[in-house]
Amino acid sequence: MKKEITPEAARLRMADLCARSEQCEADIRQKLYRLGLKPSDVQEVVDYLIRERFIDNARFAKAFARDKCRFSAWGRNKIRLALAAKRISSSDVTDALYAIEEADYLDALRRTVAAKARGLELTGPDARENRLRLFRHILSRGFESELASKAIRQLISDK
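Here it is in structure tokens:
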């Protein structure tokens with residue numbers, strides 16, 4: 054049987070976690086419920102963390118969007134869906150997407166295209182099917198279809 058954790062101990066543990074890395078309210082709530090806290094205790098701990106600015110969903114959304122673009126090469130559509138799944142408000146999501154540097158975004162798109170295109174022949178008999186495969190891959194990474202088309206045309210013209 055799991056040892057009961059007090060609300061005070063949970064508050065300290067979550068404050069320590071939030072001090073080390075950005076966390077959103079939904080993730081902290083989930084962790085607190087997994088620790089076995091009652092809903093009233095969970096609300097109390099979350100209120101404390103928000104009041105003391107350990108949790109800030111807007112700050113989390115901006116950091117999440119920036120990191121997913123830079124390190125995971127995600128596009129805006131995929132980032133928007135991931136933030137919505139974490140119950141971040143639409144205004145915070147919009148602000149976070151605008152906070153992504155355009156140069157970082159285009160670099161992520163270029164890296165995605167280059168990585169997938171290495172194994173594909175984009176001219177020749179199978180070119181159409183391979184271009185469609187590349188296009189679908191770019192869309193699955195969350196990039197807009199206009200940018201995907203433009204990136205593929207640019208890649209073909211560069212070869």
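Count along the sequence shown from 1, then add 53; that gives the number in my numbering.
The beta carbon of each residue, even a glycine, is placed where N, CA and C say it ideally should be.
The alpha-carbon separation between Lys91 and Ser193 amounts to approximately 39 Å.
Closest in alpha carbon position to Ser125, among Ala63, Asp157 and Arg66, is Asp157. Arg73 and Arg186 have their C-alpha atoms roughly 40 Å apart. For Leu65, the closest of Gly177, Tyr101, Arg112 and Ile205 by C-alpha to C-alpha distance is Tyr101. For Ile141, no alpha helix (DSSP H) encloses it, and the DSSP letter there is neither H nor E. Put simply, the backbone Cα of Thr176 is about 15 Å away from that of Lys169. Excluding sequence positions up to five before and after Ile103, its CB lies within less than 8 Å of the CB of Glu78 and Asp109, all in the same chain and listed in chain order.
For Glu97, the enclosing alpha helix (DSSP H) has its first and last residue at Pro92 to Arg104. Taking the CA atoms as reference points, Ile191 sits about 37 Å from Met67.
Following the DSSP letters along the chain, one finds Arg194 in no alpha helix (DSSP H), marked with neither H nor E. Contact between Ala111 and Asp80 does not hold, since the beta-carbon distance rounds to 15 Å and is not under 8 Å. In this structure, the straight-line span from the alpha carbon of Glu199 to that of Arg206 is close to 11 Å.
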